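Numbering (my numbering), first residue to last: 76 to 350.
Below is the structure:
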């Protein structure tokens, strides 16, 4: 398959990054959108159909209803609300078993699927699995035939297909300060702050949540780490991550405005640790 890198470096485009500014531009356009470098993403899905079908704008949602509201709305439209017995909320799937002997007599298929959760077991002729590639790969790598999600293990053709899948890794890092020091040097409602660093992809995109249209007065700024930088940070403790990123902010805004004692709260989403 043709990668996005192949297209960028072709004679038609002629794009070859030469310095940290070029790296930043490329990261903003590709890595930050896809979670991986242009070298490992296919050109087939660029541009994303969501943009060609629904317009070029991205919207950052801070609605306090959260994703739960989407589930509730769908349940009200297609089921008898969230109390419908066919909908199991807050259920963790612990095992998916394919069996020939545990099926109800009225099933017409030669086998059935038993889905075990923390709230009970669902028996069905078929099941649609919508776990992300990261969850499936994590299970294959850590189960090694023992206590895995699937029983019996997935057939080789399926496990091979899962192992070939890539995934975009996004880990978000939130920092709340005593004051919004970044608003002193830019328009107050500017959402993005870009920093060109020597190493490509090292924390180049900061997002300002302290705007009138998002979380006004929150004094929160956050960073989205991707790919190897996200994995690297997962192996670090919170204080080490804080120290590194405070240095970036100090280089931009000055040491008199940025210090550890002015940081009120910090949170780093560790997706690999809990996919």
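C-beta: ideal position from N, C-alpha, C; glycine also.
Because the structure is a prediction, the values reported are computed rather than measured.
In the structure shown, the three-state DSSP call for residue 153 is helix. Rounded to the nearest whole angstrom, the C-alpha separation of residue 130 and residue 124 is 9 Å. One thing to note: residue 209 has its Cβ no nearer than 7 Å to the Cβ of residue 237. Cβ neighbours of residue 287 within its own chain (closer than 7 Å, five residues either side excluded): 264. Collapsing the DSSP output to three states places residue 305 in a helix. With fewer than 16 other beta carbons inside 10 angstroms of its own, residue 143 counts as exposed. In the structure shown, residue 163 adopts coil according to DSSP, grouped into three states. Residue state for residue 95 is assigned as helix, using DSSP reduced to three classes. In terms of Cα proximity to residue 195, the closest of 178, 168 and 214 is 168. In this structure, 324 is the residue among 165, 324, 153 and 341 with its C-alpha nearest to the C-alpha of residue 333. Per the Cβ contact rule, the segment 80 to 87 is in contact with the segment 102 to 119 (3 or more Cβ pairs under 8 Å).
Counting along the chain, the unbroken beta strand (DSSP E) around residue 172 starts and ends at 168 to 174. No Cβ-Cβ contact shorter than 7 Å links residue 261 with residue 281. In this structure, DSSP gives residue 199 an extended state, which the three-state scheme calls strand.
Spanning the alpha carbons of residue 303 and residue 183 requires a straight line of approximately 48 Å. Annotation for residue 84: 90 and 91 place their beta carbon closer than 8 Å to its own, counting only its chain and skipping 5 residues before and after. Put simply, the backbone Cα of residue 97 is about 39 Å away from that of residue 140. Annotated as distal: residue 190 and residue 203, with beta-carbon spacing of 7 Å or more. Partner residues in the beta bridge of residue 247, as assigned by DSSP, are 299.
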